[in-house]
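*Asks:* Under the working numbering, the final residue of the sequence shown carries the number 99; numbering is consecutive throughout.
Backbone N, C-alpha and C fix where the C-beta goes; we use that ideal spot for every residue, glycine too.
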Amino acid sequence: MAKIKVEGVVKQLDYEFKKAFTKTIKTQFPESEFDERELYKTFFENLVNECKRWETMPDDVIEKGDY
33 MAKIKVEGVV KQLDYEFKKA FTKTIKTQFP ESEFDERELY KTFFENLVNE
83 CKRWETMPDD VIEKGDY
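#1: Going straight from the alpha carbon of C83 to that of E48, what length do you get?
#2: L45: which of W86, F76, K58, K35 sits nearest, CA to CA?
#3: Which residues share a DSSP beta bridge with M33?
#4: Less than 9 Å between the C-beta atoms of L71 and V42, yes or no?
#5: Residues in the same chain with beta-carbon distance under 6 Å from E87, minus the five sequence neighbours each way, listed in chain order, please.
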């Protein structure tokens, strides 16, 4: 087992998360207008608050190496 710092993982993948999150919202609510930055900021804060600071992950979803 390994532990990951959730906030760090989300920040590391910030661009990809924002892109996928915005795409999902636009698909599900095509008529809605919203501030993408504020919406994602709220999502990020809620996500981090719902998770423990460090989450345990099974070995099969973690790979360590020099990349």
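*Replies:* So, from the listed chains and residues:
#1: Here residue 83 is taken as the residue at index 51 of the sequence shown, counted from 1. Here residue 48 is taken as the residue at index 16 of the sequence shown, counted from 1. Between C83 and E48, the C-alpha separation is close to 19 Å.
#2: Numbered from its first residue, the sequence shown carries residue 45 at position 13. Out of W86, F76, K58, K35, F76 has the C-alpha closest to the C-alpha of L45.
#3: Position 1 of the sequence shown, counted from the first residue, corresponds to residue 33. Paired residue(s): none; M33 is not in a bridge.
#4: Here residue 71 corresponds to residue number 39 of the sequence shown, with the count starting at 1. Here residue 42 corresponds to residue number 10 of the sequence shown, with the count starting at 1. No, they are not a contact pair.
#5: As a position in the sequence shown, residue 87 is number 55, starting the count at 1. Here the set comprises I36, V38.
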